[in-house]
Amino acid sequence: MGIVIAIDGPAGSGKGTITKLVAEKLGIVNIDTGAMYRCVALDCLNKNVMPEELDKIAQILEHIDIQLLREGEKQIVLLNGQDVSKEIRTERVDAAVAKYAAIKIVRDKITPIQQKMGDDRNIIMEGRDIGTIVFPNADVKIFLDCSIEERAKRRYKQNTERGLNTPYEEILSSLIERNKLETEREVAPLVKAEDAILVDSSKLNIQEVTDRVLKIIEEELNRKGKKI
Ligand code: DC
Numbered sequence: 067m068g069i070v071i072a073i074d075g076p077a078g079s080g081k082g083t084i085t086k087l088v089a090e091k092l093g094i095v096n097i098d099t100g101a102m103y104r105c106v107a108l109d110c111l112n113k114n115v116m117p118e119e120l121d122k123i124a125q126i127l128e129h130i131d132i133q134l135l136r137e138g139e140k141q142i143v144l145l146n147g148q149d150v151s152k153e154i155r156t157e158r159v160d161a162a163v164a165k166y167a168a169i170k171i172v173r174d175k176i177t178p179i180q181q182k183m184g185d186d187r188n189i190i191m192e193g194r195d196i197g198t199i200v201f202p203n204a205d206v207k208i209f210l211d212c213s214i215e216e217r218a219k220r221r222y223k224q225n226t227e228r229g230l231n232t233p234y235e236e237i238l239s240s241l242i243e244r245n246k247l248e249t250e251r252e253v254a255p256l257v258k259a260e261d262a263i264l265v266d267s268s269k270l271n272i273q274e275v276t277d278r279v280l281k282i283i284e285e286e287l288n289r290k291g292k293k294i
């Protein structure tokens, strides 16, 4: 097994951006596990299968093929052979994914696939349950938190830059709802692993968070006598 760095935290904490930058700096593979749950949600939505229809979801899971590829800087996500990199980030998937990600049979299918990805290489994996469920023995565990107001502000700014004008209040209330779903679900809830190191990004910029995360990784690996 290679070195595993687990980064967990809520939506909008900057996990995706930070993980990408840290992976580039360390020259290791980064794995965005949210993309895999987004694929499951998209496959179900495309086939009109609702989160309550567990038998149908089981059938979908039996045949699902998710691949995370890298093309230069870009991550390409293939669902059953089709490039869905953009489609999994649409409002439609955003709104539905938490419900599908909370289903036990979905997690029972996806978790072992993620565990296999760390078999033979050094990885940095980001998600909600990486340090608690997927890799409880990860070499480094970081929990990246951020106040919900700051997360909403960032999303609002991102949207404005993309030409979307969802009101701030609406973004905030949808984040609050998503947070509730993720932290209160029965399977694999979003929670900081006891031995994870907390980084609060509320008052830090991207560079500051990246530097802090890199320093933690270096210190933790040194402490364990490991090297990338
Ligand atoms: O990080 P994201 O917004 O792309 O995640 C999409 C959804 O998947 C979100 O509802 C949280 C869920 N998720 C999860 O339950 N476990 C993970 N390890 C990663 C994401």
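Okay, so the sequence shown: first residue is 67 according to the working numbering, each after it adds one. Glycine included, every Cβ here is placed at the ideal spot set by N, Cα and C.
query = If we ignore side chains and look at the alpha-carbon of each, how far apart do glycine 82 and glutamine 125 end up?
reply = Start at 1 with the first residue of the sequence shown, and residue 82 comes out as number 16. Start at 1 with the first residue of the sequence shown, and residue 125 comes out as number 59. C-alpha separation (whole angstroms): 30 Å.
message = Beta-carbon within less than 7 Å of alanine 164's beta-carbon, same chain only, minus the 5 sequence neighbours each way: which residues are those?
response = Reading the sequence shown from its first residue, position 98 is the one you call residue 164. Arg244, Leu247 and Glu248, listed in sequence order.
query = Exposed or buried, which one is asparagine 96 when buried takes at least 16 other CB atoms within 10 Å?
reply = By 1-based counting over the sequence shown, the position of residue 96 is 30. So asparagine 96 ends up on the buried side.
Extent of the continuous beta strand (DSSP E) run through asparagine 96 = In the sequence shown, residue 96 corresponds to position 30, counting from 1. It spans 95-98 - the beta strand (DSSP E) in which asparagine 96 sits, taken as one unbroken run.
inquiry  = When you measure from the CB of isoleucine 71 to every non-hydrogen atom of the ligand DC, does any distance come out below 8 Å?
reply    = Here residue 71 refers to the residue found at position 5 of the sequence shown. No, the ligand DC has no heavy atom inside 8 Å of this Cβ.
ask   = Excluding the five sequence neighbours on either side, which residues of its own chain have a C-beta within less than 8 Å of the C-beta of valine 338, listed in chain order?
value = Residue 338 lies beyond the residue range present for the chain, which begins at 67 and ends at 294; the question has no answer from this structure.
query = When DSSP labels each residue in this structure, what does aspartate 266 get in the three-state scheme?
reply = On the sequence shown, position 200 is the one that residue 266 refers to. Of the three classes helix, strand and coil, the one that applies to aspartate 266 here is strand, per DSSP.
key: C-beta atoms of threonine 99 and isoleucine 176 nearer than 9 Å   = Walking along the sequence shown from the start, residue 99 turns up at place 33. Walking along the sequence shown from the start, residue 176 turns up at place 110. In this structure, isoleucine 176 lies closer than 9 Å to threonine 99 by Cβ.
message = For arginine 104 and isoleucine 71, what's the separation of their Cα atoms in angstroms?
response = The residue given as residue 104 occupies position 38 in the sequence shown. The residue given as residue 71 occupies position 5 in the sequence shown. Each residue's alpha carbon lies about 22 Å from the other.
message = Check for me: the alpha helix (DSSP H) holding glycine 82 runs from which residue to which?
response = Along the sequence shown, read from residue 1 onward, the residue named residue 82 stands at position 16. Where glycine 82 is concerned, the enclosing alpha helix (DSSP H) stretches over 81-92.
message = Can you check which of these residues, Asp149, Arg136 and Lys86, is closest to aspartate 109 by C-alpha distance?
response = Walking along the sequence shown from the start, residue 109 turns up at place 43. For aspartate 109, the nearest C-alpha among the options comes from Asp149.
key: Residues of its chain near isoleucine 171, where Cβ-Cβ distance is below 8 Å and the 5 sequence neighbours each way are ignored   = Walking along the sequence shown from the start, residue 171 turns up at place 105. Cβ neighbours of isoleucine 171 beyond the five flanking positions: Leu120, Ile123, Ala124 and Leu127.
Beta-carbon gap between leucine 111 and alanine 162 smaller than 9 Å = Here residue 111 corresponds to residue number 45 of the sequence shown, with the count starting at 1. Here residue 162 corresponds to residue number 96 of the sequence shown, with the count starting at 1. Taking 9 Å as the Cβ cut-off, leucine 111 and alanine 162 qualify as a contacting pair.
query = Which residues mark the beginning and the end of the beta strand (DSSP E) in which lysine 207 is found?
reply = What you label residue 207 is simply residue 141 of the sequence shown in a count that begins at 1. Unbroken beta strand (DSSP E) run through lysine 207: 206-211.
key: Where leucine 230 falls, given that 16 or more other Cβ within 10 Å makes a residue buried   = Numbered from its first residue, the sequence shown carries residue 230 at position 164. Classification for leucine 230: exposed.
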